[in-house]
């Protein structure tokens with residue numbers, strides 16, 4: 001499942017999902033556009049994926065100190081447990097989601 005996150009639903013969503021991988025991205029970011037289909041595939045396989053457009057929610061990007069995009073943060077029970085910066089392979093992300 002893929003969820004669009006913003007300032008009004010972010011905290012509630014990351015706390016309500018046991019595990020959610022959140023993608024901080026932007027429409028003008030080339031690597032973000034290449035990451036998107038990989039995340040869509042994972043969402044289609046039942047993994048919980050959140051998407052934060054940093055241009056639409058700069059407050060969230062600031063709160064989580066996102067300096068480069070794409071930044072992928074895995075939250076478990078509302079807490080950050082792992083962070084990746086830059087384009088990641090499906091295998092890397094799937095292994096992370098299955099292990100945590």
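Residue numbers (UniProt numbering): 1 to 100. Even glycine gets a Cβ: it sits at the ideal position worked out from N, Cα and C.
Query - Pairwise C-alpha distance: residue 1 and residue 46 - result: For the purposes of this step, residue 46 is identified with residue 46 of the chain shown, where counting begins at 1. For the purposes of this step, residue 1 is identified with residue 1 of the chain shown, where counting begins at 1. Rounded to whole angstroms, residue 46 to residue 1 spans 6 Å at the Cα level.
Query - In DSSP terms, what residue 4 is bridged to - result: Working through the chain shown from its first residue, we reach residue 4 at position 4. In the DSSP output, where bridge partners are listed per residue, residue 4 has 51.
Query raised in the report: Pairing CB atoms from the stretch 52–59 with CB atoms from the stretch 86–98, are three or more of them under 8 Å?
Result: Taking 8 Å as the limit for Cβ pairs, the verdict is that the stretch 86–98 does not touch the stretch 52–59.
Requested in this report: Taking only the alpha-carbon atoms, compute the straight-line gap between residue 110 and residue 21 and give it to the nearest angstrom.
Outcome: Because the chain here runs from 1 to 100, residue 110 falls outside it and cannot be looked at.
Requested in this report: Can you grab the Cα-Cα spacing for the pair residue 28 / residue 77, in whole Å?
Outcome: On the chain shown, position 28 is the one that residue 28 refers to. On the chain shown, position 77 is the one that residue 77 refers to. For residue 28 and residue 77, the distance between alpha carbons rounds to 31 Å.
Query raised in the report: Nearest-angstrom Cα distance between residue 73 and residue 99?
Result: Along the chain shown, one-based indexing puts residue 73 at 73. Along the chain shown, one-based indexing puts residue 99 at 99. Approximately 15 Å between the Cα atoms of the pair.
Query raised in the report: In angstroms, rounded to a whole number, what distance separates the CA positions of residue 52 and residue 11?
Result: Locating residue 52 in the chain shown gives position 52, counting from the first residue. Locating residue 11 in the chain shown gives position 11, counting from the first residue. Residue 52 and residue 11 have their C-alpha atoms some 12 Å from each other.
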